[in-house]
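Residue numbers (the numbering used here): 193 to 525. C-beta: ideal position from N, C-alpha, C; glycine also.
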């Protein structure tokens, strides 16, 4: 090859790398395979891990996880991340290393039960779930199931509000109650679902992100490959509003906290248990009938799959998602 041809080849290769940043040298150290040693028996950075995780709440998104976080962080026997609710380590920040992850928790964590709540963990890839089990084989897993249509609608409207505020994933803005009247009115107008068609919402609902968060069964099946049924607690979202103390008691028993009755009486009042977080801006803005029917038809198979998984693995569970049979009468397949 001539010097000119060699130079041209190098230039083309460099240009291709600029167009695809995933191929640059700077990104190579962060590829998944470099995190593990050759035998994949443990992560290469395991020596940096200084915490033992006792529990993880892995979802579902828009299913009361903020309420759960607020309740748990009031209990001094528990150690949750100090600066954020959702660490997003295994889905967003794995490249930062287990040392960084360890620093998210109270540094004086002796005798504390450590855990975190990141709803997106329900949709992790298998290698991430496998790594979590490798590092924390005795961890207790919590999953809160919400009606699929209601959960998806809450997620879709949140997405609209975030876009109206110009927020990206993981970014947060001032609370709605703290906005001035002009900002509040503009936000309400720009994020009003009435301004969008059924097709707009259905196209978004079929996006892989919403699909992964609606497909409870597929996500949980991966966790069941590495954690036993006894390690995974499935809870009903409706119980947060209907019987919050009983709901929280189930969580605390599952993560093996001692003296639960005393803990609840000492650190949480009835008023605090009744608190609500991340309420929708316009609670009265329900799903219009035409869109609800389309969402029911789209999500019905996911509800059936989840109920089947419950029957097979948690036969004593009282939870059962609505399978929307009424939708089939309106739009039969």
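Grab the span of the beta strand (DSSP E) containing residue 256 for me, first residue to last. The residue you call residue 256 lines up with position 64 of the chain shown. First-last for residue 256: undefined, no H or E at that position.
For residue 324, which three-state DSSP category applies? In the chain shown, the residue the question calls residue 324 occupies position 132. Correct three-state label for residue 324: helix.
Backbone CA spacing between residue 490 and residue 257 [nearest angstrom]: To locate residue 490, count along the chain shown from 1; it is residue 298. To locate residue 257, count along the chain shown from 1; it is residue 65. When the Cα atoms are used, residue 490 and residue 257 turn out to be separated by approximately 25 angstroms.
Which residue's Cα is closest to the Cα of residue 235: 273, 323 and 282? On the chain shown, position 43 is the one that residue 235 refers to. Restricting attention to 273, 323 and 282, the CA atom closest to the CA of residue 235 is found in 323.
Of all the options 516, 373 and 459, which has the alpha carbon lying nearest to the alpha carbon of residue 485? Sequence index remark: in the chain shown, residue 485 carries index 293 (1-based). With distances taken between Cα atoms, residue 485 lies closest to 516.
From residue 338 to residue 296, what does the alpha carbon distance come to, in whole angstroms? As a working note, residue 338 is residue 146 in the chain shown. As a working note, residue 296 is residue 104 in the chain shown. Across the structure, residue 338 and residue 296 are spaced so that their CA atoms are roughly 28 angstroms apart.
With DSSP as the reference, identify every bridge partner of residue 428, one or two as the case may be. Taking the first residue of the chain shown as 1, we reach residue 428 at position 236. 337, per the DSSP bridge assignment.
Taking the alpha helix (DSSP H) that residue 291 belongs to, which residues open and close that run? In the chain shown, the residue the question calls residue 291 occupies position 99. According to the DSSP assignment, residue 291 belongs to the alpha helix (DSSP H) that extends over 289–294.
From residue 311 to residue 252, what does the alpha carbon distance come to, in whole angstroms? Stepping through the chain shown from its first residue, residue 311 is reached at position 119. Stepping through the chain shown from its first residue, residue 252 is reached at position 60. If you take the alpha carbons of residue 311 and residue 252, they lie about 5 angstroms apart.
Within 10 Å of its beta-carbon, does residue 439 have 16 or more other beta-carbons around it, so buried, or fewer, so exposed? Sequence index remark: in the chain shown, residue 439 carries index 247 (1-based). So residue 439 counts as buried.
Whole angstroms is fine: what's the gap from residue 285's alpha carbon to residue 291's? Here residue 285 refers to the residue found at position 93 when the chain shown is read from its first residue. Here residue 291 refers to the residue found at position 99 when the chain shown is read from its first residue. Distance between the alpha carbons of residue 285 and residue 291: 12 angstroms.
Cβ-based neighbour list, residue 326, same chain, cut-off 7 angstroms, excluding 5 preceding and 5 following: As a working mapping, residue 326 is identified with position 134 in the chain shown. 234.
Would you report the Cα separation of residue 255 and residue 346, rounded to the nearest angstrom? To locate residue 255, count along the chain shown from 1; it is residue 63. To locate residue 346, count along the chain shown from 1; it is residue 154. Taken atom to atom, the span from the alpha-carbon of residue 255 to that of residue 346 is near 9 angstroms.
Taking the alpha-carbon of residue 244 as reference, which of 313, 330 and 460 has the nearest alpha-carbon? Position 52 of the chain shown, counted from the first residue, corresponds to residue 244. In this structure, 330 is the residue among 313, 330 and 460 with its C-alpha nearest to the C-alpha of residue 244.
Between the beta-carbon of residue 425 and the beta-carbon of residue 309, is there less than 7 angstroms? Mapped onto the chain shown, residue 425 falls at position 233. Mapped onto the chain shown, residue 309 falls at position 117. Between residue 425 and residue 309, the C-beta spacing is not below 7 angstroms.
May I ask which residues mark the beginning and end of the beta strand (DSSP E) holding residue 411? Residue mapping note: residue 411 aligns to position 219 of the chain shown, counting from 1. Here residue 411 belongs to no beta strand (DSSP E); instead the alpha helix (DSSP H) covers 408–416.
Pull up the DSSP beta-bridge partners for residue 247, would you. The residue given as residue 247 occupies position 55 in the chain shown. Looking at the DSSP assignment, residue 247 forms a beta bridge with 307 and 332.
Nearest to residue 405 by CA position, among 241, 268, 344 and 302, is which residue? By one-based count along the chain shown, residue 405 stands at place 213. Distance check between residue 405 and each of 241, 268, 344 and 302 places 344 closest, using alpha-carbon atoms only.
By how many angstroms is the C-alpha of residue 454 removed from the C-alpha of residue 302? Reading the chain shown from its first residue, position 110 is the one you call residue 302. Reading the chain shown from its first residue, position 262 is the one you call residue 454. When rounded, the distance between both Cα atoms is 21 angstroms.
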